[in-house]
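Report on the structure given below.
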Amino acid sequence: MDCLAFQIHSPSFPGRDDEDLGRGSPYSYAADEFLAHIASLGFDTIQLGPMGMTSRSNPSPYDATIFSRNPLDLPLLRLVDEGRLSRRAFQWLHNTMKHETRARVRNEQAFDNYAIAIREVVANASDSDHDSARAFLGTHASWLVPDCLYDLLCREYDGRAWYGWGGCEQGEFDQRLFAPRPGEGELARERLQALEHRFEREILEYSLVQWLIAEQHRMFRERLKQWNLSVYGDLQVGLSLRDHWASQKLFLKGYRVGAPPSRTNPAGQPWGYAVLDPRQMGTLEKPGPALLFVQARIRKVYQECDGLRIDHPHGWIDPWVYRSNVEDPFDAVQHGARLFSSPDDPLHPELHSLAIARPEQLDRGQLPFADARVQTLDASQVKAYALQLDAITQIQTEFGRSDSPIACEVLSTLPNQVGQAIARHHLGRFRVAQKIKHQDPTDSYRLEHARPEDWVMLGTHDTPPIWELADQWSVSQMGREWEAYLTSMLAPLVRAQRNAPIANDASSLVHALFTAMLVCDARHVVVFFPDLFGMRQRYNEPGVVQQENWSLRVPDNFKWELEERVASGKALSVSQCMHWALMSRENSGPRN
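The numbering of the sequence shown is numbering that gives the first Met the number 0, which starts it at 0 and goes up by one.
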């Protein structure tokens, strides 16, 4: 095994009695204590989620900004100790949280608390801090300026998002400030200069906060070295509204990115994300503006992390797109099309000229989103599909990270064109063990199909926690099916040593499954934090907007809590599973 990764999103880090203001942060004192403990369990990698700015009403990290980082990640108690925030102000804010549980993120309250704290941090900034902020602004003005202006203009237009700024001439012009119509270029430059002059102080303050977060991340990475931990970033497929507004000239009009109907989501998922215009991509040798945008995103991840996870690689290779002007988005996404594999789709004539696949290469008996819809491809077509993957691996090499394997989030579906594109770079797929179909020997999630380049996991941030499922399986026929499957995966001596029934015991089932994951040929194993701690609460339910989504946190007293739960068979004992996995290999021959 090359990598044992622990997956957690920033807000889910644990709190501390003297520190917490409603959400976690990887940069906090509590996070240091937690990560030291995670390393002691045998993990060598921390897989973070997207770390961009979210909103008060939408905490989803996959709708966050792609360049600006989230100010809610600032470790406020550290800032107190650095003299950037008064202890009195921090204590006043902390007192507002005294009777609040830290089992879940209090997003709205944290959002409000941090806004107050950040105002004081900005007011207390030294001359040296301002010099650093100006230097940071000079380097990153291309995204700092529009990201800052977006908030200010939203405020000016009654808090509406950019697509709602119409109704007056200036609002309509500001909607297209970064995508002016022909003949409006000079007017747009003048308007932008006027805004930069008018909001010079606000832009510098915004830059100051972003510089502070960047500094906290740099120090975080330094601290990770003492625990021999690497950190992976998450290259999300979606864009925030702020990014869409600032870069709208790069996007294909009339279409959005989503997910087609699938085994997991039969209704499809109308995500609403902007679609990069293929006509502006260019080539690696001569990148167009859209590919330069992609490269800037990738470089930022590699500047900040040791490796990356590619969110929804289909969206980087052949995205499922749907019309943005259809009233029912679910109807639209169900009648969408593959951006590069629709050479003659009568519902989407606009996509014909963008196709890479030719009409004779399509199997008309397959649904438009089916894995086998696109048949044989020649080498030049595979290269065309893999353009953005090529950019990722090129920049990975540029940063000297070729030895850090890329986590490529291929789940239940793998269209032929996507499979050939990732095979071009020897990338693996995700094998989500909880989704294994026992009666289907060809099922892609089965562990015996895992290859060394794959990543295996009990579950993801979008699935039910394994412990909830195991509770259900252990009182049904599924328990017996799991027992038959897992005993076939483990050496006889391990089965005897375990001396525990799998079929009707949730804890035994989870531990046997994780042991089988460690034994299989995949060299990368990932554990999402609820599955380590034996949690039964769901982290996120895709396609459902609810307050509980994205809010679950690691327990405050994590070390005691984990030890107690492991001792009583209610949480995952990584060390015990590693012991059994080594025994299984010794008694059945090495697998990886």
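Glycine is no exception: its CB is placed at the ideal position from the N, C-alpha and C atoms.
Query raised in the report: Per DSSP, what kind of secondary structure is residue 203 in: helix, strand or coil?
Result: For the purposes of this step, residue 203 is taken as residue 204 along the sequence shown, with counting starting at 1. In the structure shown, residue 203 sits in a helix (DSSP, three-state: H, G or I).
Query raised in the report: Roughly how many angstroms separate the alpha carbons of residue 108 and residue 88, rounded to a whole number?
Result: For the purposes of this step, residue 108 is identified with residue 109 of the sequence shown, where counting begins at 1. For the purposes of this step, residue 88 is identified with residue 89 of the sequence shown, where counting begins at 1. If I take the Cα positions, the gap works out to 16 Å.
Query raised in the report: Is it buried or exposed for residue 336, if we count other Cβ within 10 angstroms and need 16 for buried?
Result: The count along the sequence shown starts at 1 and reaches residue 336 at position 337. Buried: at least 16 other Cβ atoms inside 10 Å.
Query raised in the report: Fully enclosed by the segment 372-441, which beta strand (DSSP E) runs are 3 residues long or longer?
Result: 429-431
Query raised in the report: Which residues share a DSSP beta bridge with residue 321?
Result: Mapped onto the sequence shown, residue 321 falls at position 322. In DSSP, residue 321 forms a bridge with 255.
Query - Rounded straight-line distance, which links the Cα of residue 304 to that of residue 163 - result: Indexing the sequence shown from 1 puts residue 163 at position 164. Indexing the sequence shown from 1 puts residue 304 at position 305. Straight-line Cα distance between these residues: approximately 36 Å.
Report task. Between the Cα of residue 478 and those of 511, 464 and 448, spot the shortest distance and give me the residue it belongs to. Result -> Taking the sequence shown and counting its residues from 1, one reaches residue 478 at position 479. The candidate whose alpha carbon is nearest that of residue 478 is 511.
Report task. Tell me where the beta strand (DSSP E) around residue 2 begins and ends. Result -> The residue given as residue 2 occupies position 3 in the sequence shown. Where residue 2 is concerned, the enclosing beta strand (DSSP E) stretches over 2-6.
Query - Cβ separation of residue 239 and residue 51, assumed to be a contact under 8 Å, to the nearest whole Å - result: Here the question's residue 239 lines up with position 240 in the sequence shown. Here the question's residue 51 lines up with position 52 in the sequence shown. Rounded, the Cβ-Cβ distance is 7 Å, consistent with contact.
Query raised in the report: Would you report the Cα separation of residue 443 and residue 172, rounded to the nearest angstrom?
Result: If you number the sequence shown from 1, residue 443 lands on position 444. If you number the sequence shown from 1, residue 172 lands on position 173. So the alpha carbons of these two residues sit roughly 50 Å apart.
Report task. Closer than 6 Å by C-beta to residue 204: which residues in its own chain qualify, once you throw out the five before and the five after it? Chain order, please. Result -> Residue mapping note: residue 204 aligns to position 205 of the sequence shown, counting from 1. These residues qualify, in order along the chain: 121.
Query - Separation of residue 362 from residue 589, as counted between CA atoms - result: As a working mapping, residue 589 is identified with position 590 in the sequence shown. As a working mapping, residue 362 is identified with position 363 in the sequence shown. With a pLDDT of only 43 at residue 589, under the threshold of 50, the placement of this residue in the model should not be trusted; the figure read from the coordinates follows. The alpha-carbon atoms of residue 589 and residue 362 are separated by roughly 41 Å.
Query raised in the report: Looking at C-beta atoms only, is the number of pairs between the segment 518-536 and the segment 456-475 that lie closer than 8 Å three or more?
Result: yes
Requested in this report: Would you identify the three-state DSSP class for residue 355, choosing helix, strand or coil?
Outcome: By 1-based counting over the sequence shown, the position of residue 355 is 356. Here residue 355 sits in coil by DSSP.
Query raised in the report: Taking three-plus beta-carbon pairs below 8 Å as touching, is the segment 59-74 in contact with the segment 21-33?
Result: yes
Query - Residues of its chain near residue 428, where Cβ-Cβ distance is below 7 Å and the 5 sequence neighbours each way are ignored - result: Walking along the sequence shown from the start, residue 428 turns up at place 429. So the qualifying residues of the chain are 407, 409, 413 and 453.
Query raised in the report: Do residue 255 and residue 271 have their CB atoms nearer than 7 Å?
Result: Counted from its first residue, the sequence shown places residue 255 at position 256. Counted from its first residue, the sequence shown places residue 271 at position 272. Yes, these two residues count as a Cβ contact at 7 Å.
Query raised in the report: Roughly how many angstroms separate the alpha carbons of residue 12 and residue 227, rounded to a whole number?
Result: The residue given as residue 12 occupies position 13 in the sequence shown. The residue given as residue 227 occupies position 228 in the sequence shown. Spanning the two alpha carbons is a distance of roughly 19 Å.
**Report entry** In chain order, each beta strand (DSSP E) run of at least 3 residues that lies wholly inside the segment 270-351
**Finding:** 306-309 and 319-322
Query raised in the report: How many angstroms separate the CA atom of residue 112 from the CA atom of residue 59?
Result: As a working mapping, residue 112 is identified with position 113 in the sequence shown. As a working mapping, residue 59 is identified with position 60 in the sequence shown. Going by the C-alpha atoms only, they are around 19 Å apart.
Query raised in the report: Considering only residues of the same chain and omitting the five flanking positions on each side of residue 420, which have a CB-CB separation below 7 Å?
Result: The residue you call residue 420 lines up with position 421 of the sequence shown. Closer than 7 Å at the Cβ level, and outside the excluded window around residue 420, lie 316, 381, 384, 385 and 388.
Query raised in the report: Per DSSP, residue 524 forms a beta bridge with which residues?
Result: On the sequence shown, position 525 is the one that residue 524 refers to. In DSSP, residue 524 forms a bridge with 3 and 455.
Report task. Please list, in chain order, all residues of the same chain as residue 576 whose beta carbon is under 7 Å from its beta carbon, the five residues on each side excluded. Result -> For the purposes of this step, residue 576 is taken as residue 577 along the sequence shown, with counting starting at 1. For residue 576, where only same-chain residues beyond five positions count, the Cβ hits under 7 Å are 510, 513, 514 and 517.
Query raised in the report: Residues in its own chain within less than 6 Å of residue 83 by CB, not counting five upstream and five downstream?
Result: Here residue 83 corresponds to residue number 84 of the sequence shown, with the count starting at 1. If we look at residue 83 and ignore the five residues flanking it on each side, its Cβ neighbours are 120 and 123.
**Report entry** Counterpart residues of residue 231 in DSSP-defined beta bridges
**Finding:** Taking the sequence shown and counting its residues from 1, the one referred to as residue 231 is at position 232. In DSSP, residue 231 forms a bridge with 46 and 306.
**Report entry** Outcome for residue 481 when other beta-carbon atoms lying within 10 angstroms are tallied against a minimum of 16
**Finding:** Mapped onto the sequence shown, residue 481 falls at position 482. Classification for residue 481: buried.
**Report entry** Contact the segment 136-154 vs the segment 191-208: 3+ CB pairs below 8 Å
**Finding:** yes
Requested in this report: Let me know if residue 586 comes out buried or exposed under the rule of 16 or more other beta-carbons within 10 Å of its beta-carbon.
Outcome: Counting from 1 along the sequence shown, the entry for residue 586 is found at position 587. Burial call: exposed.
Query raised in the report: Can you tell me whether residue 138 is buried or exposed, with buried defined as 16 or more other CB within 10 angstroms of its CB?
Result: In the sequence shown, residue 138 corresponds to position 139, counting from 1. So residue 138 counts as exposed.
Query raised in the report: Is the segment 281-296 touching the segment 205-224 in the sense that three or more CB pairs, one from each, lie closer than 8 Å?
Result: no
**Report entry** Three or more C-beta pairs below 8 Å linking the segment 34-48 and the segment 566-575
**Finding:** yes
Query raised in the report: Around the Cβ of residue 544, are there at least 16 other Cβ atoms within 10 angstroms (buried) or fewer (exposed)?
Result: Your numbering for residue 544 matches position 545 in the sequence shown. By the 10 Å Cβ count, residue 544 comes out exposed.
**Report entry** Residue closest to residue 506, alpha-carbon to alpha-carbon, out of 293, 520, 476 and 468
**Finding:** For the purposes of this step, residue 506 is taken as residue 507 along the sequence shown, with counting starting at 1. It is 468 whose Cα lies nearest to the Cα of residue 506.
Requested in this report: Hey, could you find the ends of the alpha helix (DSSP H) residue 558 is sitting in?
Outcome: Translated into positions along the sequence shown, residue 558 becomes position 559. Run containing residue 558: 557-566, per the alpha helix (DSSP H) assignment.
Query raised in the report: Counting along the chain, where does the alpha helix (DSSP H) carrying residue 145 start and finish?
Result: In the sequence shown, residue 145 corresponds to position 146, counting from 1. From DSSP, the alpha helix (DSSP H) with residue 145 extends over 126-155.
Query raised in the report: Taking the C-alpha atoms as reference points, what is the distance between residue 591 and residue 520?
Result: In the sequence shown, the residue the question calls residue 591 occupies position 592. In the sequence shown, the residue the question calls residue 520 occupies position 521. For residue 591, the pLDDT reaches just 43, beneath the cut-off of 50, and the residue's location in the model is therefore unreliable, although a value from the coordinates is still provided. So the two alpha carbons sit approximately 5 Å from each other.
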